[in-house]
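Peer 1: If you scroll down you'll find the structure; I have some questions about it.
There are 2 protein chains.
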Amino acid sequence: MTEIASIGVDWGTSSFRLWLLARDGAVLAERRSGQGMQGLAPDAFEPALAGHLAALRTDGLAVPKAPRIVICGMAGARQGWREAPYMDLPTALNDLPSGAIEVENGLGADIRILPGIARRNPDRPDVMRGEETQILGLAGTSQKDLSATIILPGTHSKWSTVEKGRVTDFSTAMTGELFALLREHSLLRHSLGAVAIACDPLNPAFRRGLTQSTEKPANLLQAVFSLRARSLLFGAGNADIAAELSGLLIGAEIAGALRTRPERLILAANAQTGPLYAAALHFTGMNFDTVDVEKLACAGLHSAARLIWPTPREI
Amino acid sequence: MTEIASIGVDWGTSSFRLWLLARDGAVLAERRSGQGMQGLAPDAFEPALAGHLAALRTDGLAVPKAPRIVICGMAGARQGWREAPYMDLPTALNDLPSGAIEVENGLGADIRILPGIARRNPDRPDVMRGEETQILGLAGTSQKDLSATIILPGTHSKWSTVEKGRVTDFSTAMTGELFALLREHSLLRHSLGAVAIACDPLNPAFRRGLTQSTEKPANLLQAVFSLRARSLLFGAGNADIAAELSGLLIGAEIAGALRTRPERLILAANAQTGPLYAAALHFTGMNFDTVDVEKLACAGLHSAARLIWPTPREI
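In structure tokens form, the structure reads like this:
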């Protein structure tokens, strides 16, 4: 059996993902749960993690007695397990592990929580926590060389500028959260019904939303209300309204984030957001590469583990 | 005792207001309740109204046996009491009562529900229902002559262009609703706490929000997230975050609505929104008149009643 070299944990607001990693980064086992930060008091993180390790051992996996565990995400927030202070821009991806904090614990483990990154500009402050590890994963072994603008769509979409392995700037748009708020709680809930979040990028309504918010970016508050009128006056159905709202919000995100045309753009999305963002970027005439975001956190945790623990454990 | 010539009702989504009106428009009595459309099935409107009339009679008021009742607002929506179809742009304010529907009822009353106004442009459809009556009230006896852009701030802020007594265009911004959604349900709730909706227009954070959204109107989704970072990185308090969010959203509304500089601008606001919108309009260099919005619905219902029933009731 391949030896477990480290354990990576992506501990987010509403989710927990754990990977047992071999020395070469191969995933030997994975666990997922809904035990996110928002449901855990600070003293509930260690028992939660202990439960997962015990379950893995019960499953017959050779989890070391003194495992090396590297964690990214909201577990390091002020209201998380233990705060891992933000590193400031610009941040070399290779330096992220130097900002990790060690967490004393009763599990016999060497536990490190990776820092987030802060943009401390008082005109537009910004923070990320978790995405920096995905970007480290994207950079992989070539992180010294990566230069690109990286889009990580989501509840809080991140656009990060990476120059030769250093994160030099980033911005966050509240795109996914705003879509969910409008769908669940606003007047538009009557026009959106129980529609799935996923929208069809081929729907002409999606394109209409993109057109509106890229041509008239100042009109977002009016355009969003107009969707209600469209369903009242023109009988537009739930799927069309959802697609137009997606187009409006993704178009607004792009209009706000794309102040200059980056030389290289990488879209790191999942199967749900990927097609929408790809269609939107095509619409704006941007060229871009795509990568599957699902593997990036695990890859980034592996890279971090190799940087924190450069030599194998003594057996 | 002055005779009750008509009864005006402003029946909104979440509120009910009723006025007993003299022939000259003087208010003889008023009732308010939270019996809005959203809490009433279609067959619950008549009993609700009957209850108010009975209460007025119990109070000793001489409500006629066959009262003339004119209603505006969401009672005329599809999901209201009975649908009063929208009139199309352009709409002469004087013609609004011609679009009212009569409601058969068991109260012995002559009940009319005023129509809303629709903007049926497929590029940006829009609707109003209730505000047209406030504008009629603003125009008052001079409605043939009123020419102005009228701002009615609120949950759904309306900007209406009136030319010589005709509503020729309007737009709606989801400003107030979005503020409430972000305060109650978004990530920002952690930074806004239980802060009152009312914000201080003299707070420099309000001005910072205005600057941001008028100078960079495409950046709204990023600017809103940035507020969370401001509280995390700079320890900004609830009041400052609320003021900056108000500035961002009101600034975005103005940037989106003010495509041309109107010759005359009238701000029809209440004590809560008035100071914020006045400060925001000053900030953008606009001149404007202000009127108290609280009296407009009642005044408009009176004007409508005079147009519907030009002669006094026979006694």
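Sequence lines, in order, name chains A and B. With my numbering, letter number 183 in the first sequence gets 184, and the count goes up by one each step, no holes. With my numbering, letter number 201 in the second sequence gets 202, and the count goes up by one each step, no holes. Cβ coordinates follow ideal geometry from the N, Cα and C atoms, glycine included. None of these values were measured; they are calculated from a predicted model.
At a CB-CB cut-off below 8 Å, which residues of chain A make contact with H53 of chain B?
Peer 2: If you number the second sequence from 1, residue 53 of chain B lands on position 52. By Cβ distance, chain A contributes nothing, its closest Cβ being about 27 Å from H53 of chain B, past 8 Å.
Peer 1: Cutting at 6 Å between CB atoms, please list the residues of its own chain near P68 of chain A, excluding the five before and the five after it.
Peer 2: Position 67 of the first sequence, counted from the first residue, corresponds to residue 68 of chain A. These residues qualify, in order along the chain: I8 and A110.
Peer 1: Could you check how far apart the C-beta atoms of G301 of chain B and L137 of chain B are, in whole angstroms? I think they sit under 8 Å.
Peer 2: To locate residue 301 of chain B, count along the second sequence from 1; it is residue 300. To locate residue 137 of chain B, count along the second sequence from 1; it is residue 136. Contact holds; Cβ gap of about 4 Å.
Peer 1: Indicate the three-state DSSP secondary structure (helix, strand or coil) for D44 of chain A in the structure shown.
Peer 2: Walking along the first sequence from the start, residue 44 of chain A turns up at place 43. It is helical.
Peer 1: Work out the CA separation of R167 of chain A and R307 of chain A for me, nearest whole Å.
Peer 2: Reading the first sequence from its first residue, position 306 is the one you call residue 307 of chain A. Reading the first sequence from its first residue, position 166 is the one you call residue 167 of chain A. Using only the alpha carbons, I get a separation of about 18 Å.
Peer 1: Could you please give me the residues that DSSP links to A272 of chain A through a beta bridge?
Peer 2: Here residue 272 of chain A corresponds to residue number 271 of the first sequence, with the count starting at 1. Answer is none; A272 of chain A lacks a bridge partner.
Peer 1: Taking C-alpha atoms, which residue in B:D96, B:D89, B:I102 and B:P98 lies nearest to W82 of chain B?
Peer 2: Here residue 82 of chain B refers to the residue found at position 81 of the second sequence. Considering only alpha carbons, the answer is B:I102.
Peer 1: Does the beta-carbon distance from P123 of chain A to L97 of chain A come in below 8 Å?
Peer 2: Against the first sequence, residue 123 of chain A aligns to sequence position 122. Against the first sequence, residue 97 of chain A aligns to sequence position 96. No, the pair does not count as a contact, with Cβ atoms beyond the cut-off.
Peer 1: Taking the alpha carbon of T212 of chain B as the point to measure from, which residue in B:L282, B:N271 and B:A6 has its own alpha carbon closest?
Peer 2: Mapped onto the second sequence, residue 212 of chain B falls at position 211. If we check each option's Cα against that of T212 of chain B, B:L282 comes out closest.
Peer 1: Taking the continuous alpha helix (DSSP H) assigned at T134 of chain A, which residues delimit it?
Peer 2: Sequence index remark: in the first sequence, residue 134 of chain A carries index 133 (1-based). E132 to A140 is the span of the alpha helix (DSSP H), which, as asked, contains T134 of chain A.
Peer 1: Under the rule that 16 or more other beta-carbon atoms within 10 Å means buried, what is G155 of chain B, buried or exposed?
Peer 2: In the second sequence, counting from the first residue as 1, residue 155 of chain B sits at position 154. By the neighbour-count rule (16 or more Cβ atoms within 10 Å), G155 of chain B is buried.
Peer 1: In terms of alpha-carbon separation, which member of B:L41, B:A230 and B:H186 lies closest to A76 of chain B?
Peer 2: Position 75 of the second sequence, counting from 1, holds the residue named residue 76 of chain B. Taking only the C-alpha atoms, the option nearest A76 of chain B is B:L41.
Peer 1: Does the distance from the CB of I251 of chain B to the CB of T150 of chain B come in under 8 Å?
Peer 2: The residue given as residue 251 of chain B occupies position 250 in the second sequence. The residue given as residue 150 of chain B occupies position 149 in the second sequence. Going by C-beta atoms, I251 of chain B is not nearer than 8 Å to T150 of chain B.
Peer 1: Should the segment 200 to 217 of chain B be regarded as contacting the segment 157 to 167 of chain A, the criterion being three or more beta carbon pairs within less than 8 Å?
Peer 2: The answer is no - the segment 157 to 167 of chain A does not touch the segment 200 to 217 of chain B, with fewer than three Cβ pairs under 8 Å.
Peer 1: From A:R120, A:A237 and A:L277, pick the residue whose C-alpha is nearest to that of E254 of chain A; which is it?
Peer 2: On the first sequence, residue 254 of chain A is found 253 positions in, with the first residue counted as 1. Here the closest residue by C-alpha is A:L277.
Peer 1: Is there a C-beta anywhere in chain A that falls below 8 Å from the one on T169 of chain B?
Peer 2: Taking the first residue of the second sequence as 1, we reach residue 169 of chain B at position 168. No, because no Cβ of chain A sits closer than 8 Å to the Cβ of T169 of chain B.
Peer 1: Have a look at I267 of chain B and R130 of chain A and give me their C-alpha separation to the nearest angstrom.
Peer 2: What you label residue 267 of chain B is simply residue 266 of the second sequence in a count that begins at 1. What you label residue 130 of chain A is simply residue 129 of the first sequence in a count that begins at 1. The alpha-carbon atoms of I267 of chain B and R130 of chain A are separated by roughly 46 Å.
Peer 1: Mind pulling the chain A residues with CB within less than 9 Å of G166 of chain B?
Peer 2: Reading the second sequence from its first residue, position 165 is the one you call residue 166 of chain B. The contacting residues do not exist; G166 of chain B stays about 24 Å from chain A at best.
Peer 1: Which runs of the alpha helix (DSSP H) at least 4 residues long sit entirely within the segment 234 to 308 of chain B? Give them in chain order.
Peer 2: List check, alpha helix (DSSP H) in window: 239 to 258 and 275 to 284.
Peer 1: Does the beta-carbon of D260 of chain A have 16 or more other beta-carbons within 10 angstroms, so that it is buried, or is it exposed?
Peer 2: To locate residue 260 of chain A, count along the first sequence from 1; it is residue 259. A small correction: the amino acid at residue 260 of chain A is Arg; Asp does not occupy that position in the sequence shown. Exposed, since its Cβ has fewer than 16 Cβ neighbours within 10 Å.
Peer 1: List the DSSP bridge partners of F226 of chain B.
Peer 2: Within the second sequence, the letter at position 225 stands for residue 226 of chain B. None; F226 of chain B has no bridge partner.
Peer 1: Between A119 of chain A and D89 of chain A, which are expected to be in contact by the criterion C-beta below 8 Å, what is the C-beta distance as a whole number of angstroms?
Peer 2: Here residue 119 of chain A refers to the residue found at position 118 of the first sequence. Here residue 89 of chain A refers to the residue found at position 88 of the first sequence. Correct: roughly 6 Å between the Cβ atoms.
Peer 1: Residues of chain B with a CB under 7 Å from the CB of A174 of chain A: which are they?
Peer 2: Translated into positions along the first sequence, residue 174 of chain A becomes position 173. Neighbours of A174 of chain A on chain B, chain order: L222, Q223 and F226.
Peer 1: Do you know how far the Cα of A256 of chain A is from the Cα of N220 of chain B?
Peer 2: Within the second sequence, the letter at position 219 stands for residue 220 of chain B. Within the first sequence, the letter at position 255 stands for residue 256 of chain A. Straight-line Cα distance between these residues: approximately 7 Å.
Peer 1: Which residues in chain B have a C-beta closer than 8 Å to the C-beta of S161 of chain A? List them in chain order.
Peer 2: As a working note, residue 161 of chain A is residue 160 in the first sequence. Chain B residues near S161 of chain A: none, gap ~13 Å exceeds 8 Å.
Peer 1: With H, G and I counted as helix, E and B as strand and the rest as coil, what does DSSP make of R18 of chain B?
Peer 2: Locating residue 18 of chain B in the second sequence gives position 17, where the first residue counts as 1. Three-state DSSP puts R18 of chain B in a strand.
Peer 1: Round the Cβ separation of H303 of chain A and G26 of chain A to the nearest angstrom and send it over; I've been treating them as touching at under 8 Å.
Peer 2: For the purposes of this step, residue 303 of chain A is identified with residue 302 of the first sequence, where counting begins at 1. For the purposes of this step, residue 26 of chain A is identified with residue 25 of the first sequence, where counting begins at 1. About 4 Å; that satisfies the 8 Å criterion.
Peer 1: Mind listing the chain B neighbours of E84 of chain A? Cutoff is C-beta to C-beta under 7 Å, in chain order.
Peer 2: Your numbering for residue 84 of chain A matches position 83 in the first sequence. The premise fails here: E84 of chain A is roughly 11 Å from chain B at the closest Cβ pair, so nothing lies under 7 Å.
Peer 1: Pop quiz: T173 of chain A and D241 of chain A are said to be a contact at Cβ under 8 Å. What is the actual Cβ separation, rounded to whole angstroms?
Peer 2: Start at 1 with the first residue of the first sequence, and residue 173 of chain A comes out as number 172. Start at 1 with the first residue of the first sequence, and residue 241 of chain A comes out as number 240. Wrong, their Cβ atoms sit about 28 Å apart, outside the cutoff.
Peer 1: Do L19 of chain A and V10 of chain A have their C-beta atoms closer together than 8 Å?
Peer 2: On the first sequence, position 18 is the one that residue 19 of chain A refers to. On the first sequence, position 9 is the one that residue 10 of chain A refers to. A contact, by the Cβ cut-off of 8 Å.
Peer 1: Is L277 of chain A near the ligand ADP, in the sense that its beta carbon is under 7 Å from a heavy atom of that ligand?
Peer 2: As presented, the structure is devoid of all ligands, the ligand ADP included, so that no description of it is given.
Peer 1: For F289 of chain A, would you say it is in contact with chain B, using Cβ-to-Cβ distances shorter than 8 Å as the test?
Peer 2: Reading the first sequence from its first residue, position 288 is the one you call residue 289 of chain A. Cβ-Cβ to chain B under 8 Å: no for F289 of chain A.
Peer 1: Please list, in chain order, the chain A residues whose beta carbon lies closer than 8 Å to that of L234 of chain B.
Peer 2: In the second sequence, the residue the question calls residue 234 of chain B occupies position 233. Going along chain A in sequence order, the residues near L234 of chain B (Cβ under 8 Å) are Y87, A119, R121, P126 and V128.
Peer 1: If you compare alpha carbons, which of A:T285, A:F180, A:N106 and A:R24 is closest to P43 of chain A?
Peer 2: What you label residue 43 of chain A is simply residue 42 of the first sequence in a count that begins at 1. Measuring from the Cα of P43 of chain A, the nearest candidate turns out to be A:N106.
Peer 1: In chain order, what residues of the same chain have a beta carbon less than 8 Å from the beta carbon of L234 of chain A, not counting five sequence neighbours either side?
Peer 2: Numbered from 1 along the first sequence, position 233 holds the residue referred to as residue 234 of chain A. Within the same chain, L234 of chain A has no close Cβ partners at all.
Peer 1: Does E185 of chain B pass the burial test, meaning 16 or more other C-beta atoms within 10 Å, or should it be called exposed?
Peer 2: Along the second sequence, read from residue 1 onward, the residue named residue 185 of chain B stands at position 184. Flag for E185 of chain B reads exposed.
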